[in-house]
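Student: A single structure is presented below for examination.
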Amino acid sequence: MAHTMIDIGVNLTSSQFNDVSTVLSNAQENNVKKIIVTGTSVQESKNAISLCQDFEEMFPNMLHCTVGIHPHEASSFSSSSLKELKNLAKHECVVAIGETGLDYYRNFSSKEIQVKSFSKHIELAIDIGLPLFLHERDAFDDQIKILKSFGQDLPKSVIHCFTGSQNNLAEYLDMGMHIGITGWICDKRRGENLRAIVNQIPIDKLMMETDSPYLLPQNMPKRPKKKINEPAFLDYVASQIALNRHESLDEIKFATTENATAFFNLAKE
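Final position of the sequence shown in my numbering is 290; the numbers increase by one with none missing.
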């Protein structure tokens with residue numbers, strides 16, 4: 022029997038997905054049994070919850086989601102949006118706070134508002150007892166400083182779509198973070214560093230994600246015409262990880278499923 026997988030990061034509310042039921046059917050056919058839909062703004066978090074509810078009957082227990090404001094959208098953060106997120110987090114399909122963190126690569130929002138939004142997301146996660154789904158790009162020093170400032174209160178956290186350096190990885194792991202690996206690892210050029218260090222992630226801290234519709238795995242023998250990534254392609258991420266670690270592909274699928282189930286407090290099948 023093929024091992025099932027969990028995709029911990031899917032932007033399923035994206036307009037690029039015009040037929041969600043087919044995307045979910047494709048995922049199931051390719052042994053992706055659960056999907057965490059990423060919330061990136063108050064509205065997208067609401068949309069993520071709606072998707073979970075709308076498809077619950079057709080795909081029971083398959084969809085869960087996060088609620089949060091992505092650092093790109095941090096300029097929309099306010100005390101009222103924080104209240105809205107707190108209310109949204111009460112929905113039973115919500116399993117984490119995020120996507121939150123810092124992104125100095127594009128700086129769509131000022132550093133100051135990003136830092137404020139990030140800190141308030143962490144406080145919210147502590148307050149309601151949910152884990153954190155974290156984003157970080159070109160902002161490691163500030164991000165780790167903020168995370169460390171919460172000390173023992175910091176909830177369990179996953180660095181989603183990790184693409185950082187060996188030293189970044191070591192510091193995140195020292196803090197007990199989980200690490201999410203995407204199709205970035207399949208990119209011939211950009212993924213070279215990640216392929217070299219992915220074997221340094223303890224197997225009990227490793228999780229997998231597509232970040233679809235983005236980051237289409239480059240190791241696909243035949244890529245879809247529209248180049249839209251799907252949860253159904255998670256197997257390509259798993260295969261590339263297996264090539265760069267000591268465990269077998271089956272062991273990686275089993276471990277990452279166990280890790281995601283425990284981290285997001287999902288029901289075991």
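Every residue gets a Cβ at the ideal spot worked out from N, C-alpha and C, and that includes glycine.
When the Cα atoms are used, what is the spatial distance from Ala288 to Glu65?
Tutor: As a working mapping, residue 288 is identified with position 267 in the sequence shown. As a working mapping, residue 65 is identified with position 44 in the sequence shown. Approximately 24 Å between the Cα atoms of the pair.
Student: Counting along the chain, where does the alpha helix (DSSP H) carrying His142 start and finish?
Tutor: As a working note, residue 142 is residue 121 in the sequence shown. Looking at the DSSP string, the run of the alpha helix (DSSP H) that includes His142 is 132-149.
Student: Given Val53, which residues of its chain have a CB within under 6 Å of its CB, disregarding the five upstream and five downstream residues?
Tutor: Position 32 of the sequence shown, counting from 1, holds the residue named residue 53. Taken in chain order, the residues that qualify are Met26, Asp28, Pro252, Leu255.
Student: Using a Cβ-Cβ cut-off of 8 Å (strictly less than) and excluding sequence neighbours within five positions of Tyr235, which residues of its own chain qualify?
Tutor: One-based indexing of the sequence shown puts residue 235 at position 214. Only Asn32, Asn250 meet the Cβ criterion.
Student: In angstroms, rounded to a whole number, what distance separates the CA positions of Gln261 and Ser100?
Tutor: Residue numbering aside, residue 261 sits at position 240 when the sequence shown is read from its first letter. Residue numbering aside, residue 100 sits at position 79 when the sequence shown is read from its first letter. If I take the Cα positions, the gap works out to 42 Å.
Student: Are at least three pairs of beta-carbons, each pair with one atom in the region 128-143 and one in the region 71-83, less than 8 Å apart?
Tutor: As far as the Cβ criterion goes, the region 128-143 does not touch the region 71-83, which means the pair count is below three.
Student: Going along the chain, which unbroken runs of the beta strand (DSSP E) with 3 or more residues stay wholly within the region 72-142?
Tutor: DSSP runs (the beta strand (DSSP E)) wholly in the region 72-142: 84-88, 115-124.
Student: By Cβ distance below 6 Å, which residues in the same chain neighbour Val63 in space, the five residues on each side in sequence not counted?
Tutor: As a first step, residue 63 is located in the sequence shown; it is residue number 42 there, counting from the start. If we look at Val63 and ignore the five residues flanking it on each side, its Cβ neighbours are Ser102, Glu105.
Student: Would you kindly work out how many angstroms separate the C-alpha atoms of Thr282 and Val179, rounded to a whole number?
Tutor: Taking the first residue of the sequence shown as 1, we reach residue 282 at position 261. Taking the first residue of the sequence shown as 1, we reach residue 179 at position 158. Answer to the nearest angstrom: the Cα atoms are 13 Å apart.
Student: What did DSSP end up calling Phe161 once you bin it into helix, strand or coil?
Tutor: What you label residue 161 is simply residue 140 of the sequence shown in a count that begins at 1. Looking at Phe161 - three-state DSSP - the assignment turns out to be helix.
Student: Flag this pair as yes or no: are the beta carbons of Val350 and Gly60 separated by less than 7 Å?
Tutor: The structure shown has nothing for residue 350, since the chain only spans 22 to 290.
Student: Taking its Cβ as the centre, do 16 or more other Cβ atoms sit within 10 Å of Ala117, making it buried, or is it exposed?
Tutor: The residue labelled residue 117 in the question sits at position 96 within the sequence shown. By the 10 Å Cβ count, Ala117 comes out buried.
Student: Using the Cβ count rule (16 or more neighbours within 10 Å means buried), how would you classify Lys246?
Tutor: Here residue 246 is taken as the residue at index 225 of the sequence shown, counted from 1. Exposed is the call here.
Student: Is the beta carbon of Arg158 closer than 7 Å to that of Asp124?
Tutor: On the sequence shown, position 103 is the one that residue 124 refers to. On the sequence shown, position 137 is the one that residue 158 refers to. Their beta carbons are under 7 Å apart, which means Asp124 touches Arg158 by this criterion.
Student: In chain order, what residues of the same chain lie with their CB nearer than 7 Å to the CB of Asn47, ignoring the 5 residues before and after it?
Tutor: Translated into the one-based positions of the sequence shown, residue 47 becomes position 26. Closer than 7 Å at the Cβ level, and outside the excluded window around Asn47, lie Glu251, Ala253.
Student: Between Ala95 and the ligand FMN, is there a pair consisting of the residue's CB and a ligand heavy atom that are separated by less than 6 Å?
Tutor: The model depicted lacks the ligand FMN and carries no ligand whatsoever.
Student: Using the Cα positions of Gln239 and Gly204, report the straight-line distance between them to the nearest angstrom.
Tutor: Taking the first residue of the sequence shown as 1, we reach residue 239 at position 218. Taking the first residue of the sequence shown as 1, we reach residue 204 at position 183. Going by the C-alpha atoms only, they are around 7 Å apart.
Student: Measuring alpha carbon to alpha carbon, tell me which residue in Ala146, Lys137, Lys177 is nearest Asp163.
Tutor: Within the sequence shown, numbered from 1, the residue matching residue 163 stands at position 142. Answer by Cα proximity: Lys137.
Student: Taking the alpha carbon of Pro176 as the reference point, which residue from Arg244, Val219, Phe285, Glu272 has its own alpha carbon closest?
Tutor: Within the sequence shown, the letter at position 155 stands for residue 176. Per the Cα distances, Phe285.
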